[in-house]
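Student: With this note's numbering, you'll find the sequence shown wraps up at 2028, consecutive numbering, no jumps.
Ideal Cβ positions, reconstructed from N, Cα and C, are used throughout, including at glycine.
The structure presented is a predicted model; accordingly, all values stated were derived computationally and were not measured.
Sharing a structure here in structure tokens format.
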Amino acid sequence: MQPPMERNPPDRNGHHAYPAHWEADVVLRDGGTARIRPITPDDAQRLVSFYEQVSDESKYYRFFAPYPRLSDKDVHRFTHHDYVDRVGLAATVGGEFIATVRYDRINAQGRPSSGPDADLAEVAFLVQDAHQGRGVASALLEHIGAVARERGIRRFVAEVLPANSKMIKVFTDAGYTQERSFEDGVVHLEFGLEPTDRSVAVQRAREHRAESRSVQRLLAPGSVAVVGAGRAPGGVGRTALRNLLAAGYTGRTYAVNRAFPDDLTELDGVPAHRSVAGIGEAVDLAVVAVPAERVPEVVADCGESGVQGLVVLSAGYAESGAAGRARQRELVRQARSYGMRIIGPNAFGIINTSEAVRLNASLAPEPPARGRIGLFTQSGAIGIALLSGLYRRGAGLSSFISAGNRADVSGNDFLQYGYEDPDTDVVLLYLESIGNPRKFTRLARRTAAAKPVVVVKGARHSGSTPPGHAVPATRIPDATVSALLRQAGVVRVDTVTELVDAGLLLAGQPLPAGPRVAILGNSESLGLLTYDACLAEGLRPLRPLDLTTAATPADFRAALARALADGMCDAVVVTAIPWVGENGATESGDGEVLATALREAAATGEAKPVAVVHVEMGALADALAAATSTARPAPEPMPAGGPGAGAAARNSSPARPAPDRGAAPDPGRRTPDGPALPAPGATPEGRFGAGRAGDGRRIPAYPAAERAVRALAEAVKYAQWRRQAAEPGRVPEYDDIDEAGAAGRIAELLSEGGAASGGMSLRDDAARELLARYGIDVRPALPAPRPDAAVAAARRLGYPVALKTTAPHLRHRPDLGGVRLDLGDEQELRRAYSELTDALGKPEELQPVVQAMAPRGVDTVVRASIDAAAGAVLSFGLAGAASELLGDIGHRLVPATDRDAAELIRSIRTAPLLFGWRGSDPVDTAALEELLLRVSRLVDDHPEVVGVSLEPVVVAPHGLSVLGASVRLASPPVRDDLGPRRLPSY
């Protein structure tokens, strides 16, 4: 395998410039951020100041002796590096050092060395005592290790005192293969720097915990300052403050505005200050609602005051043009320099409905009820619509983030949080861009194995990426992205309505065990519509049970109980239309009675999903929505002195007192803003997948059969994925693969000029040779520039033969007449040659070839390619223009497992042609799966192979034949998911 190209090569004098690509922002164990960067000579004073704040014990552990201060010689040595043999990195917060690490290249005797033959270096750390335990050293080890590998160092050695258990743990927990010895009272550690499965797993686990914690700190702050809250009613800041107080936030609240007069001490009953620094107490979260030009001074005020995170509601950033994009980049850099994370800018806000927090730091005047759904959206408008839709249908949320321009906190971060959050059972995401698709699919697969992840993506078409979103360009169509997301277990839907529909079913009902659906109701026609919708979605509906229009709620209850007990069905759809009274008028007053009957049947039946389709029965929908929803926390009793007095009382003490819920409203009474409150004893929404269907679970209601069935179909596919994810398959080993030989040949081919020119397409013979090293045999095609040459080629290969053109405009287009098959002798071959050239052009234009006939079968196409956004992708479809035109091509991420390969060939709509459609012989799908796995291995083992196309691959009842192949090589693309963890940069 080729080594990665050096990113800052030396100049003609051998000197390396400052390696700016080593700079990175990282999330630490506690959720705060730090900046890692190379140390420069300008850092001398920072180093001295940092060292003065380190305890004597830490200094002793670093230097093995009392070392109270650094000499001028020490300072010079620790700040002057050549960025090759001597490298130092620092972790900084607020521009000041909190930790350092350095390596010095040495030889086998431990003396300073240089050159490519010296691949050993000594590494040493020093972490400020106040920042120990935050994971700073672990992050620095990841980054200094990546730097060392870039500079040709393959092993680190470290000398550690036995008492320095924290540093020993940093090394041993990193996951590298290491050797340990003890000599002269010192622990000697030596370990290789090549990533191992364990080191990558450790790195990703730390990333998961840190990023989850960073979001948790934003959603559960102990104190909030609203910066920009005005004295006059209205305005973004004052609205955010009033919403925060109205939700009953349990922490301390402050109003901040530099325009406040000196004598103003309260606003809406909370302390008022002219700056965050003036509060004089710790503030965890700042909600920023000031004009964009004033935000930098607010960020500096917050950073200097130790604020942990920001929600920036202010607009005027990337959405407003080039100047706004520059302002947004500076905002991110400034906030991260203080260790703060940002939601926004141009955000709608955040919500946490937990009883312990009750945070509504958003512009939503009516916070949602408490529930089990976590919602992330990149659009404020879509966020408003989703909150409204969920509220109307009685669904509660656990948390909500509207990230606006998504300059920092992203959907990936929310996935990390949703996976860890015990209050979240379903994660809903509205995304307009995916900044790191490889990471997103990895996180989605991890989360989806525990709880559903439902995604709707806007801006799906090329060139429509929202402004300010730093995302790699992608060449693959949206259908491919959708297939890859589904491979990761994501429930991909097309509209926000479908997002709510699927989310309600997945949050409120157990997973179906299969695709069999029972249908029952009081309308034969509505039952038939539901039956047809099930067939259209690939479900297996049973014959609808018509209860007739005379059916009573008791009839519904009995029928549903029987359906749930029936072992032949996996889910039930109940259809209902209004009853018609004796005078011909419709009656909908029995909706609540019917809802009670359905809940009773579901509560005592088997754990199967139940959905209701209703026509003009709003009372039924409202009753089902209200039946088991968790009530919104009752507001605290209004204290004397107005709406702010309670908040002022909360601010009098740093502790969080238990909220006084006051007198509860009457159960069952419909509130002015929403459905009826639950009766006493109603259980809160249960954990996903646990308990019976009716045990505290909401039965979702839909106004159309198609919507209910589509949501149910998504649940069926997700449940199947969950079952398969328990046994994800394996990447098989093949004894005949020559990985080392292929690597050597690839290096030779690239050295011939392909690497520097941006890549190369291999000649046919070179492509066949490379593929053969992976057990992929391509049938040779001999050139036939003249009829006599065609005859000679046929004699060499043996009749019967095929004659076909290879001109780019005719290749793989048999429909244009560029292929003649089953030519059994010389006479037929010469006649076919003449017909071909007469009809399509001269031989030099057609570039004809002769190839031995392959056994009859189904023509297919196997491809693999590298996409900048998605990574390596394996694709499969049937050959021909029809499949290309209809987009009937399946995709899987590389490396593919045996299960992936089997699913891939079955994922296309034309797959029945492979399995004996209309009496034809089934083809050898086992051989086809093996071919897919070999191609996947080739691309995964050698990232220099950026494109493979096998077309056509004729799959016969026994075996297959690869008739055409092309391979493209290039320098390995830069992988942003394998290096040390870092936040996206601008």
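Kindly list the residues whose CB is nearer than 8 Å to the CB of ASP1963, restricted to its own chain and excluding five residues on each side of it in sequence; keep chain order.
Tutor: Locating residue 1963 in the sequence shown gives position 921, counting from the first residue. So the list reads PRO1999, once near-sequence residues are dropped.
Student: Expressed to the nearest angstrom, what Euclidean distance is found between the alpha-carbon atoms of ALA1747 and ARG1435?
Tutor: By one-based count along the sequence shown, residue 1747 stands at place 705. By one-based count along the sequence shown, residue 1435 stands at place 393. Rounded to the nearest angstrom, the two C-alpha atoms are 17 Å apart.
Student: Use the C-beta contact count for TRP1763: other C-beta atoms within 10 angstroms, 16 or more gives buried, fewer gives exposed.
Tutor: The residue labelled residue 1763 in the question sits at position 721 within the sequence shown. That one is buried.
Student: How big is the Cα-Cα spacing for VAL1199 and PHE1092?
Tutor: For the purposes of this step, residue 1199 is taken as residue 157 along the sequence shown, with counting starting at 1. For the purposes of this step, residue 1092 is taken as residue 50 along the sequence shown, with counting starting at 1. Near 25 Å, if we compare the C-alpha coordinates of PHE1092 and VAL1199.
Student: In this structure, how does DSSP classify VAL1399 when only helix, strand and coil are distinguished?
Tutor: Counting from 1 along the sequence shown, the entry for residue 1399 is found at position 357. Three-state DSSP puts VAL1399 in coil, outside helix and strand.
Student: Output the distance between the C-alpha atoms of CYS1344 and SER1379, rounded to the nearest integer angstrom.
Tutor: Here residue 1344 corresponds to residue number 302 of the sequence shown, with the count starting at 1. Here residue 1379 corresponds to residue number 337 of the sequence shown, with the count starting at 1. Each residue's Cα considered, the two are about 12 Å apart.
Student: Which class does ALA1486 belong to by DSSP, given the choice of helix, strand or coil?
Tutor: For the purposes of this step, residue 1486 is identified with residue 444 of the sequence shown, where counting begins at 1. Of the three classes helix, strand and coil, the one that applies to ALA1486 here is helix, per DSSP.
Student: By DSSP, does THR1142 sit in helix, in strand, or in coil?
Tutor: As a first step, residue 1142 is located in the sequence shown; it is residue number 100 there, counting from the start. Reduced to three states, the DSSP call for THR1142 is strand.
Student: Is LEU1526 near ALA1912, with beta carbons less than 8 Å apart?
Tutor: Taking the first residue of the sequence shown as 1, we reach residue 1526 at position 484. Taking the first residue of the sequence shown as 1, we reach residue 1912 at position 870. Cβ atoms of LEU1526 and ALA1912: closer than 8 Å.
Student: Measuring CB atoms only, is the segment 1829 to 1847 touching the segment 1888 to 1901, in the sense that at least three cross pairs come out at less than 8 Å?
Tutor: Yes: at least three Cβ pairs fall under 8 Å.
Student: Taking the alpha carbon of PRO1080 as the point to measure from, which residue in LEU1070, VAL1143, LEU1168 has its own alpha carbon closest?
Tutor: Within the sequence shown, residue 1080 is the residue found at index 38, counting from 1. Among LEU1070, VAL1143, LEU1168, the Cα nearest to that of PRO1080 belongs to VAL1143.
Student: Comparing C-alpha positions only, which one of ASP1114, VAL1257, GLU1225, ARG1193 sits nearest to GLY1074?
Tutor: Locating residue 1074 in the sequence shown gives position 32, where the first residue counts as 1. Taking only the C-alpha atoms, the option nearest GLY1074 is VAL1257.
Student: Decide if ARG1951 is buried, meaning its Cβ has at least 16 other Cβ atoms within 10 Å, or exposed.
Tutor: Stepping through the sequence shown from its first residue, residue 1951 is reached at position 909. Counting Cβ neighbours within 10 Å, ARG1951 comes out exposed, since fewer than 16 surround it.
Student: For ASP1982, which residues of its own chain have a beta-carbon under 6 Å away from its beta-carbon, when the five flanking residues on both sides are left out?
Tutor: Within the sequence shown, residue 1982 is the residue found at index 940, counting from 1. Excluding positions up to five away in sequence, the list reads VAL1936, PRO1937.
Student: Count the other CB atoms within 10 Å of the CB of TYR1776; is the residue buried (16 or more) or exposed (fewer)?
Tutor: Counting from 1 along the sequence shown, the entry for residue 1776 is found at position 734. By the neighbour-count rule (16 or more Cβ atoms within 10 Å), TYR1776 is not buried but exposed.
Student: Measure the Cβ-Cβ separation of VAL2060 and VAL2004 and say whether it is below 8 Å.
Tutor: Since the first residue of the chain shown is 1043 and the last is 2028, residue 2060 is not available in this structure.
Student: Which of helix, strand or coil does DSSP assign to GLU2091?
Tutor: Given a span of 1043 to 2028 for the chain in the structure shown, any question on residue 2091 remains unanswerable.
Student: In the DSSP assignment, find the beta strand (DSSP E) that holds GLY1563 and state where it starts and stops.
Tutor: If you number the sequence shown from 1, residue 1563 lands on position 521. Counting along the chain, the beta strand (DSSP E) containing GLY1563 begins and ends at 1558 to 1563.
Student: According to DSSP, simplified to helix, strand and coil, what is ILE1619?
Tutor: Here the question's residue 1619 lines up with position 577 in the sequence shown. Three-state DSSP puts ILE1619 in coil, outside helix and strand.
Student: Going straight from the alpha carbon of ALA1530 to that of SER1254, what length do you get?
Tutor: Position 488 of the sequence shown, counted from the start, is the residue given in the question as residue 1530. Position 212 of the sequence shown, counted from the start, is the residue given in the question as residue 1254. Computed Cα separation, rounded: 20 Å.
Student: Note the first and the last residue of the continuous alpha helix (DSSP H) segment covering GLY1783.
Tutor: The sequence position of residue 1783 within the sequence shown is 741, counting from 1. Segment 1781 to 1791, the alpha helix (DSSP H) holding GLY1783.
Student: I'd like to check one pair, ALA1549 with ARG1414: are the Cβ atoms closer than 8 Å?
Tutor: By 1-based counting over the sequence shown, the position of residue 1414 is 372. By 1-based counting over the sequence shown, the position of residue 1549 is 507. Yes; because the gap between Cβ atoms is below 8 Å, this pair is in contact.
Student: If you measure between the beta carbons of VAL1559 and ARG1585, is that distance less than 8 Å?
Tutor: Within the sequence shown, numbered from 1, the residue matching residue 1559 stands at position 517. Within the sequence shown, numbered from 1, the residue matching residue 1585 stands at position 543. Not a contact, by the Cβ cut-off of 8 Å.
Student: So ALA1914 is in the beta strand (DSSP E); what residue range does that whole segment cover?
Tutor: The residue given as residue 1914 occupies position 872 in the sequence shown. Run containing ALA1914: 1913 to 1920, per the beta strand (DSSP E) assignment.
Student: Can SER1265 and GLY1293 be called in contact, C-beta distance under 8 Å?
Tutor: Position 223 of the sequence shown, counting from 1, holds the residue named residue 1265. Position 251 of the sequence shown, counting from 1, holds the residue named residue 1293. In contact: SER1265 and GLY1293 (Cβ atoms closer than 8 Å).
Student: From what residue to what residue does the beta strand (DSSP E) around HIS1933 run?
Tutor: The sequence position of residue 1933 within the sequence shown is 891, counting from 1. Its beta strand (DSSP E) spans residues 1931 to 1935.
Student: Check whether the segment 1288 to 1303 touches the segment 1389 to 1409, taking contact to mean three or more Cβ pairs, one atom from each stretch, closer than 8 Å.
Tutor: Judged by Cβ distances under 8 Å, the segment 1288 to 1303 makes contact with the segment 1389 to 1409, as three or more pairs qualify.
Student: Of all the options GLY1446, GLU1099, ALA1743, LEU1970, which has the alpha carbon lying nearest to the alpha carbon of LEU1546?
Tutor: Locating residue 1546 in the sequence shown gives position 504, where the first residue counts as 1. Closest option to LEU1546, Cα to Cα, is ALA1743.
Student: Count the other CB atoms, across all protein chains shown, that sit within 10 Å of the CB of THR1572; report buried if there are 16 or more and exposed otherwise.
Tutor: Here residue 1572 refers to the residue found at position 530 of the sequence shown. Buried, by the Cβ-count rule.
Student: Could you tell me which residues DSSP puts in a beta bridge with THR1075?
Tutor: Against the sequence shown, residue 1075 aligns to sequence position 33. VAL1069, per the DSSP bridge assignment.
Student: Would you say GLN1170 and ALA1132 are within 8 Å of each other, going by their C-beta atoms?
Tutor: Counting from one through the sequence shown, the residue named residue 1170 turns up at place 128. Counting from one through the sequence shown, the residue named residue 1132 turns up at place 90. No, the pair does not count as a contact, with Cβ atoms beyond the cut-off.
Student: Where does PRO1885 fall in DSSP's three states?
Tutor: As a working note, residue 1885 is residue 843 in the sequence shown. DSSP places PRO1885 in helix when its eight states are reduced to three.
Student: I need the DSSP call for PRO1829, collapsed to helix, strand or coil.
Tutor: The sequence position of residue 1829 within the sequence shown is 787, counting from 1. Three-state result, PRO1829: helix.
Student: Contact between the segment 1323 to 1343 and the segment 1228 to 1240: three or more CB pairs below 8 Å?
Tutor: In short, these stretches do not touch, since the Cβ pair count stays below three.
Student: Go ahead and pull the three-state DSSP assignment for VAL1312.
Tutor: If you number the sequence shown from 1, residue 1312 lands on position 270. It is a strand residue.
Student: Can you say whether LEU1470 is buried or exposed, counting buried as having 16 or more other CB atoms within 10 angstroms of its CB?
Tutor: On the sequence shown, position 428 is the one that residue 1470 refers to. Counting Cβ neighbours within 10 Å, LEU1470 comes out buried, since at least 16 surround it.
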